[in-house]
Amino acid sequence: MVLSLLADGGADLVPAAAGASGPARRRLAADGGAHRDGGRARRHLCAERRPPGRLVSVTAREAAGDPDVLVEAVDLQKRFRTFHAVRGVSFRCYAGEVFGLLGPNGAGKTTTLRMLTTILRPTSGGARIAGYDVTREPEAVRRVIGVLPEQAGIYGRLTAREAVRYAGRLYGVQPEVLEGRVEAILETLEMAPHIDRITDTLSRGMKQKVNIARALVHDPPVVFLDEPTSGLDVISARSVREFVRRFKRDGRCVILSTHIMEEAERLCDRVAIIAGGRVLAQGRLAELKAHTGLGLEETFVQFVEDTVR
C-alpha cells in the first residue's frame, strides 16, 4: 500500500490504490500536455513514481499541473560500477520555493545535485531544469542555473570583484551590464568594504558570499545550494540563510541540500528525506511531522531507521 498525503488547504492521510485516481489521475493527465515557460514549450517527463511504503505529499499545485515547475526529476538513478548511489529520485520544485534534500552524509544528495547540474550524467531516469533536459540540453541548463557546491574554490589572487566578474564572463553576461551587476550583487551581500580585497585574505564567511555572488551574477531562475552553511560561524551562517530567503522572495527556485534539521525547518517549504540513494518521504514539514507525531529530527531518524531494519 502506498501512503499518499493529499494537501489542498488541509492534509488527509489516505491509502492509494496501485492505479492513480482522483487528483493524482488528473495530475497525470495534465502532465501529458505541454506547458509554457518563457515562451518555450515544456513537456513533463512522466508522473512521479511512488514506491510502496513511502510518503509523498501531493500539493494542490501539482494536482492542477502547475506551469511554474522549474525543476523536475523523474526516477533519477546513478551507478558507479557496482555501487548504486542514487536509486530512483523524483521530485519537483517551483518558482519562489525552497525545496530541501534532507539526508545523512552519503545519502546521495550531492550525487543527485551533480546530475541536476549536468556534472554527472544519469545512468537512467531524467530531469528538466526550466524546461531544458539535463541529458540532451546540458549547455542550456547551465545558462539558467546558479550552483554553490559544498566546497567551492576561489582563485586566491583575485579580488572579490575580479572573481565575480570572471564568473560573469564565463556565463556570457554582456560586458555593458556585467560591471554594474557585479557591484550591485556584492553590495547586496554586504561586501562593499571588501570588494577589492584579495580573496585569500577574506574570512571563510566572506569567501562564501563571493561564491554566492558568482552563482547569481547571470541572474539564474534556479539555484542549487549544497550544504551552504557548512563550516561557517553563527553570524556568517545566519547571513547566508537570509540570502536564501531573499532568493525565494525574488521568485527563484532553490534546491537546498543539507543534513542540518534546524536549517531545513527555517528555510524549506518542502523537503525530500533521502537515505541510501532513495526518497523515503517528501512533503511539507508540518505534514511529515504530523504523520509521525514527532519533531523534524525524530521524524527524520524514524524514516531513515525504518529503511535500515
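The UniProt record's numbering applies: residue 1 is where the sequence shown begins, and numbers increase by one.
All residues carry an ideal CB built from backbone N, CA and C; glycine is no exception.
Exercise for the section: Measure the alpha-carbon distance for E139 versus G293 and round it to whole angstroms. Expected result: 45 Å
Handout entry: Residue of A264, Y171 and D68 minimising C-alpha distance to G131
Key = D68
Exercise for the section: Could you please give the first and the last residue of the uninterrupted beta strand (DSSP E) stretch that includes G131? Expected result: Segment: none, G131 is in no beta strand (DSSP E) and carries neither H nor E.
Handout entry: For E72, the residue or residues it bridges with in DSSP
Key = R92 and R128
Handout entry: Buried or exposed (CB count within 10 angstroms, at least 16 for buried), G106
Key = exposed
Problem - Selection from R197, K207, D200 and R214 that minimises the alpha carbon distance to A184 - result: R214
Problem - Three or more C-beta pairs below 8 Å linking the segment 233-242 and the segment 78-87 - result: no
Practice task
Please determine, among T159, D133, S203 and G96, the residue with the shortest C-alpha to C-alpha distance to L267.
Solution key: G96
Exercise for the section: Please work out which residues of its chain come closer than 7 Å, Cβ to Cβ, to V147, disregarding the five sequence neighbours upstream and downstream, and give them in chain order. Expected result: T117, A215 and F224
Exercise for the section: Out of Y166, L256 and T229, state which residue places its alpha-carbon closest to the alpha-carbon of H218. Expected result: Y166
Problem - Three-way DSSP call (helix, strand, coil) for Q208 in this model - result: helix
Practice task
May I have the straight-line CA-CA distance separating V161 from T201, to the nearest angstrom?
Solution key: The question names Val, but residue 161 in the sequence shown is Arg. Cα-Cα distance, rounded: 14 Å.
Handout entry: Selected residue, minimal CA-CA separation from G231, among Q208, R270 and A192
Key = Q208
Handout entry: One or two residues paired with A275 in a DSSP bridge
Key = R278
Exercise for the section: Figure out for me which residue from F91, Y155, P175 and R87 has the closest Cα to the Cα of R197. Expected result: Y155
Handout entry: Limits of the beta strand (DSSP E) - the one that T258 falls within
Key = C253 to T258
Problem - Opening and closing residue of the alpha helix (DSSP H) in which E263 lies - result: M261 to L267
Practice task
Answer with buried or exposed for R246, where buried requires no fewer than 16 other C-beta atoms within 10 angstroms of its C-beta.
Solution key: exposed
Exercise for the section: Can you give me the start and stop residues for the beta strand (DSSP E) that I145 sits inside? Expected result: I145 to L148
Exercise for the section: With DSSP as the reference, label T159 as helix, strand or coil. Expected result: strand
Exercise for the section: Ignore the nearest five residues each way along the sequence and tell me which others in Q302's own chain have a CB closer than 7 Å to its CB. Expected result: T292 and L294
Handout entry: Continuous beta strand (DSSP E) stretch holding G103: start and end
Key = Neither: G103 is in no beta strand (DSSP E) and is coded neither H nor E.
Handout entry: Inter-residue Cα distance where the pair is G283 and M206
Key = 33 Å
Exercise for the section: Work out the CA separation of P175 and G32 for me, nearest whole Å. Expected result: Because the pLDDT of G32 is 37, which lies under 50, any placement of that residue in the model is unreliable, and the number read from its coordinates should be weighed accordingly. Computed Cα separation, rounded: 41 Å.
Exercise for the section: Just mark S90 as buried or exposed, buried being the case when its beta carbon has 16 or more other beta carbons within 10 Å. Expected result: buried
Problem - Nearest-angstrom Cα separation, counted from P104 out to L280 - result: 12 Å
Handout entry: Selected residue, minimal CA-CA separation from I260, among G172, D226 and P149
Key = D226
Handout entry: Element boundaries [alpha helix (DSSP H), containing V234]
Key = V234 to R249
Exercise for the section: Check whether the Cβ atoms of A290 and L102 sit closer than 8 Å, and answer yes or no. Expected result: no
Handout entry: Under the three-state DSSP convention, the category L225 falls into
Key = strand
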